[in-house]
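Notes to accompany the following structure.
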């Protein structure tokens, strides 16, 4: 329910007064992994503590769930992390058997912004297994390019339009799976971590984390349907609440 409502509210609240990107530009925003996609384990990246290390060092020999995020995002980035955290808790996986890696895509973002998002969206029990990265622009370009993660900057709202996606990485950075954060409940995360390819992998994900996406029709079918369902639920809930108040007022009088 929270995911549905977040999709609806994000589209409403984040819709920009002036669009900074066009529908044509948004059409190229997608997660489409090339064959043998891999996060370069030799890339040196800074985390929120200022430590600079390679992905290999951050993973400690564990597989990882990688999410690219704009730490000051006003739409779905937080919902992606919330959805991932909820799925991991539901799967009851030991926190020492994996890493959650969140990589910022906006070089302007601060450690404080990254920590605030993690505190708000990642369960306390999983925060010790979470690494928050603050790469520079060149490193972001290298990492996203190698994974086929295509995004654009929207100057109209100072936000990034990017795919909502979770990468499942092997300890050496090889991509084991490309998952939608809104469908993690259908994936056996325990088997996925053990190296078994998750069923129903999505080759191309184009659910956008950007307020423009809904307005320009760029959301894929399932997410758009969920958003419409959320709208109906909100309207019906409000109608029921108002009816209840009227009924109670009539009884009291």
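In our numbering, the protein residues as written are 30 to 282. We put the beta carbon where it would ideally sit given N, CA and C, even for glycine. Since this is a predicted model, take the numbers as computed values, not measurements.
- Ranked by Cα distance from residue 147, the options 175, 86 and 98 are led by 98.
- Where residue 167 is concerned, the enclosing alpha helix (DSSP H) starts and stops at 166 to 176.
- Residue 164 is positioned such that its CB atom lies no closer than 8 Å to that of residue 114.
- Looking at 61, 90 and 75, the one whose alpha-carbon comes closest to that of residue 209 is 61.
- Comparing alpha-carbon positions, the option among 180, 204 and 131 lying closest to residue 55 turns out to be 180.
- Linking residue 110 to residue 96 through their CA atoms gives a straight-line distance of about 8 Å.
- Taking 8 Å as the upper bound for CB-CB distance, residue 127 and residue 94 are in contact here, some 7 Å apart.
- Non-local C-beta neighbours of residue 90 in its own chain, meaning closer than 7 Å and more than five positions away in sequence, comprise 200, ordered along the chain.
- One thing to note: residue 135 has its Cβ within 8 Å of the Cβ of residue 189.
- In this structure residue 123 is exposed. Its beta-carbon is surrounded by fewer than 16 other beta-carbon atoms within 10 angstroms.
- With a cutoff of 8 Å on beta-carbon distance, residue 92 and residue 222 are scored as near each other.
- For residue 213, the closest of 103, 197 and 202 by C-alpha to C-alpha distance is 197.
- By the neighbour-count criterion, in which a residue is buried when 16 or more other Cβ atoms sit within 10 angstroms of its Cβ, residue 78 is exposed.
- Secondary structure at residue 160: strand, using DSSP grouped into helix, strand and coil.
- Residue pairing by DSSP places residue 183 opposite 188 in a beta bridge.
- Scanning its chain for C-beta atoms nearer than 6 Å, with the 5 sequence neighbours on each side dropped, one finds around residue 100 the residues 133, 138, 142, 143 and 146, in chain order.
- Cβ atoms of residue 160 and residue 195 stay farther apart than 8 Å, at about 15 Å.
- DSSP links residue 100 through a beta bridge to no other residue.
- Sequence-distant Cβ neighbours of residue 82 in its own chain, meaning closer than 8 Å and more than five residues away, are 73, 74 and 76.
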